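What follows is a single structure, written as structure tokens, with notes after it.
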DNA sequence: TTTGGTACTTTGTGATACAAGGTATTAAAA
DNA sequence: TTTTAATACCTTGTATCACAAAGTACCAAA
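Protein chains in written order, with the numbering used here: chain A, 3 to 111; chain B, 3 to 111.
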């Protein structure tokens with residue numbers, strides 16, 4: 003019941019966020035905090051409480067795996083890697099994303 | 003727990019759908035069934051149970067108004083129009099949408 | 001008066017972003 | 001030794017939303 007625009011932005015992020023994670027992990031392994039930092043850089047604001055359950059979901063779906071790695075500064079980090087199944091899913095999401103962009107273009111034309 | 007891609011597509015539509023409705027109504031007034039037909043044309047599959055509550059929400063937010071119009075075939079139709087406030091919201095959603103596209107492009111590059 | 005088409009509405013469910021809080025590890029400061 | 005600060009991971013409760021599946025109402029033709 004507050005800023006409806008902010009809510010709209012939040013809703014638009016829904017689903018796209020999952021796509022972003024797969025995109026990022028397709029390029030290199032990463033741990034949660036570094037993913038958050040990367041997403042902040044590109045103005046995709048995400049909080050921990052959103053990202054951690056998302057990573058767990060994707061891992062449970064077999065899209066990701068992880069390994070623990072020591073850090074020189076602070077506690078160990080959980081590095082996530084994309085799996086073959088994750089890359090397949092990413093390819094399908096690429097298609098879905100392009101479809102949506104096309105749809106919006108059609109609607110606006 | 004079935005087709006995760008279909009679920010992902012559905013999640014991607016979330017929020018974007020609200021945007022689509024404003025885009026369509028910015029061009030011309032329409033009633034629910036015609037909006038559904040239009041969205042099906044552009045492969046944005048939407049069912050009644052999704053669209054009707056959405057229209058009611060947007061009307062309650064002051065983004066839309068409606069009027070009843072007789073039909074030559076069948077029951078009267080509820081024609082929706084976008085309001086000034088709706089056009090403001092649409093402008094902000096244009097911006098949000100372009101931001102997200104830019105974000106994905108950055109992430110994929 | 002029944003049937004079929006059109007149109008609008010409601011209810012229940014599952015999925016998900018977010019806010020707010022918590023736990024655990026490490027190293028440096030008090 | 002104890003405290004503090006930084007880093008990193010995790011959980012719980014809430015609100016929102018798309019969807020499936022139902023229902024209600026109007027109208028015209030058979």
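For every residue, glycine included, the Cβ atom is placed at its ideal position computed from N, Cα and C. Note that the coordinates shown come from a computational prediction; the quantities given were computed from them, not determined experimentally.
Determine the chain A residues that contact residue i at a beta-carbon separation under 9 Å, and present them in chain order.
i: residue 51/B; result: What residue 51/B touches in chain A: nothing, since even the nearest Cβ is about 18 Å away.
Rounded to whole angstroms, what is the Cα-Cα separation between residue i and residue j?
i: residue 25/A; j: residue 56/A; result: 14 Å
i: residue 93/B; j: residue 59/B; result: 18 Å
i: residue 31/A; j: residue 19/B; result: 33 Å
i: residue 40/B; j: residue 73/A; result: 54 Å
Residues of chain B with CB closer than 8 Å to the CB of residue i, please, in chain order.
i: residue 69/A; result: Going along chain B, no residue has its Cβ under 8 Å from residue 69/A, so there is no contact; the nearest lies around 23 Å.
i: residue 10/A; result: 17, 20, 21, 91, 94, 95, 98
Going by DSSP in three states, residue i sits in which element: helix, strand or coil?
i: residue 71/B; result: strand
i: residue 65/A; result: coil
i: residue 80/A; result: strand
i: residue 13/A; result: helix
i: residue 4/A; result: In this prediction, residue 4/A has a pLDDT of 48, which is less than 50 and means its spatial position is unreliable; what the coordinates show is noted afterwards. In this structure, residue 4/A counts as coil in the three-state DSSP scheme.
Run through chain A and tell me which residues come within less than 7 Å of residue i, C-beta to C-beta.
i: residue 109/B; result: 22, 25, 26, 44
Are any of the Cβ atoms in chain A nearer than 8 Å to that of residue i?
i: residue 39/B; result: no
i: residue 85/B; result: no
i: residue 102/B; result: yes
With a cut-off of 8 Å, does the C-beta of residue i fall near any C-beta of chain B?
i: residue 7/A; result: yes
i: residue 48/A; result: no
i: residue 4/A; result: Low per-residue confidence applies at residue 4/A: pLDDT is 48, beneath 50, and the placement is therefore not dependable, though the value from the model is reported in the following sentence. No - not a single Cβ of chain B is within 8 Å of the one on residue 4/A.
i: residue 13/A; result: yes
i: residue 105/A; result: yes
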